[in-house]
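*Asks:* Just so we're aligned, residue 1 is where the sequence shown starts under full-length UniProt numbering, counting upward by one. Glycine included, C-beta positions come from ideal geometry on N, C-alpha and C. Here the structure is a predicted model, which is why all the values come from computation and not from measurement. Let me give you the structure first, and then I'll get to my questions.
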Amino acid sequence: ALANGTKPDLQAAKRLAKRLYSLDGFRKSDVARHLSKNNEFSQMVAEEYLSNFNFNGMTIDQALRSVLQFALMGETQERERVLAHFSRKYRQCNPENLNTEDSVHTLTCAVMLLNTDLHGNNVGKRMSCSQFISNLEGLNNGKDFPKDLTLLGGLLGPGEGVKARWARSISSGGKPAGKPTKVGS
């Protein structure tokens, strides 16, 4: 039940999710606020919102870019809820990639941290590709993540800095894209 004692309405959640997806009466900055609340209605809205996306065959960073067209703002636990919804949907679309939803969520959070590392203004020394992969050792249900996943579809690779690889656009077939693309831009 909601705070006012009523049961959450699935049809209302579907209507709100559709309006959020099409930005009908909402700004991009409003989306995360509606997906991140800790109640049953917000969870339904998030599930309905994510039903508009098909992540089949996408790498996690590609899928994140497609979803995070809005600013992921708010307190840590609010951002965490949005990423948990994303991880669940990604796992549903790509069950062969990772064994558990927790593994997907771990890699999702690592990609978000990598994004902050690459684009944050207050970051000193940037993370190397080997550091990124090393940070994930043993976190895939006790095993290492497959190299093709930790290399994010070829965006990260040995012999080239993380920032240089991240700057390559997936949609341009791996050709240099000018400046790095932030997840969510």
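1. Does N56 come out as helix, strand or coil in the three-state DSSP assignment?
2. For a test of the three-state rule: what should DSSP assign to K14, helix, strand or coil?
3. Look up K37 in the DSSP assignment and say whether it is helix, strand or coil.
4. Taking E80 as part of the alpha helix (DSSP H), name the residues at either end of that continuous run.
5. Could you round the C-beta distance between N56 and C109 to whole angstroms and report it? I think they count as a contact, below 8 angstroms.
6. First and last residue of the alpha helix (DSSP H) that includes Q110?
7. In the DSSP output, which residue or residues are listed as bridge partners for K143?
*Replies:* With the given structure in hand:
1. coil
2. helix
3. coil
4. 76–93
5. Not confirmed; about 22 angstroms, so no contact.
6. The amino acid at residue 110 is misidentified as Gln; the sequence shows Ala. Note, A110: alpha helix (DSSP H), 101–119.
7. N140
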